[in-house]
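Here's the structure we're looking at; comments come further down.
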Amino acid sequence: MTFTVSVCSVNDGNGLARTNMSAYWQDVNWRLMWEDKSLEYVTKQNAKRWPRNLTIDSRKRHLKAVNSQTGQIVGYVRFILPETLSDEWLEAKVPQPTEQEAADYLALYISADYAYSNITDHMDEPVTEMKNIWFSKKNYIVLDHLAVHPEYQRRGIATMLLRPGLSFAEKTGFDVFALATEIGAATYLKLGFTVLETLVQDYTSLGGVDNYKWAVVEHKSGQIDDEGTNK
């Protein structure tokens with residue numbers, strides 16, 4: 001089984017929603033905010049948001065991993081570039097829509113039933129504070145989102161998705177910043193990221209799990225060779 005990595009398309013909404021929601025649904029604490037909504041329902045609503053999300057910000061770069069045999073989208077990564085780099089790495093940028101297309105994407109986005117509970121908001125606050133403190137220290141390329149469909153995890157797909165962004169960061173001399181859960185951080189550490197700070201939380205009073213670890217991680221420029229692998 002082989003996989004390819006390429007830029008996303010506005011027509012990828014269903015596949016991206018299926019992969020992302022299925023991946024994050026594995027996280028008991030993340031599921032809390034959806035209360036009694038099913039994975040199938042949330043996935044259907046999430047799909048309506050993708051065309052706008054893929055085209056709304058010129059600094060964002062979107063890559064997908066695809067099963068070459070079936071055409072199924074099995075992974076997704078999003079990087080956010082500093083404003084000074086917004087005209088670079090265009091091969092990973094989804095083309096800008098026309099005015100009519102943008103209006104259509106907005107209407108579809110608004111039509112989604114994406115209301116969720118604020119039950120975990122107070123847990124998010126210290127995480128956001130930790131992230132913002134570190135993020136303010138320098139001008140980073142941000143690894144904003146990474147997901148691999150559960151059926152395709154532990155096959156190297158996350159690494160395939162991350163390498164183009166890390167290689168671009170290397171060429172431009174920027175460090176890469178990410179906020180990760182413990183599972184995500186383990187993947188990042190294998191690629192040369194280092195942990196800057198961690199925060200452990202207890203979600204049991206909300207119906208979640210204890211010892212839930214967040215990590216702020218950084219990938220320093222200078223670690224990738226010309227082949228896109230760690231030195």
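When we follow UniProt numbering, the leftmost residue of the sequence shown carries the number 1, and every step to the right adds one.
Note that the Cβ used here is the ideal one computed from N, Cα and C, for glycine as well.
Asked, Found
"Three-state secondary structure assigned by DSSP to R59", "coil"
"Straight-line Cα distance separating G75 from A158", "7 Å"
"I80 in three-state terms, based on DSSP", "strand"
"Whole-angstrom C-beta distance between A147 and Y41, which should lie under 8 Å", "That belief does not hold up - the Cβ atoms of Y41 and A147 are roughly 18 Å apart, past 8 Å."
"Rounded C-alpha distance that separates S6 from A92", "7 Å"
"Residue range of the unbroken beta strand (DSSP E) whose run includes H219", "Y212 to H219"
"Euclidean distance between Cα positions of T204 and V28", "10 Å"
"Meets three-Cβ-pair contact criterion under 8 Å: the stretch 98–108 and the stretch 46–60", "yes"
"Assigned exposure category for H139 - 16 Cβ within 10 Å defines buried", "It is worth fixing the name first, because residue 139 is Asn in this sequence and not His. By the 10 Å Cβ count, N139 comes out exposed."
"Check: A147 C-beta below 7 Å from any heavy atom of the ligand COA", "For the ligand COA, the structure offers nothing, since it holds no ligand at all."
"Run of the alpha helix (DSSP H) containing H122, from where it starts to where it stops", "D121 to F135"
"Length of the line joining the Cα atoms of D121 and W34", "13 Å"
"Rounded C-alpha distance that separates A186 from M21", "20 Å"
"Meets three-Cβ-pair contact criterion under 8 Å: the stretch 80–100 and the stretch 164–184", "yes"
"Spatial distance of M160 from K64 (CA atoms)", "10 Å"
"C-alpha distance - R31 paired with L16, whole-angstrom precision", "18 Å"
"8 Å contact criterion, which T198 and K213 should meet: CB distance rounded", "6 Å"
"Endpoints, alpha helix (DSSP H) assigned at D144", "Careful: D144 lies outside any alpha helix (DSSP H), inside the beta strand (DSSP E) at I141 to V148."
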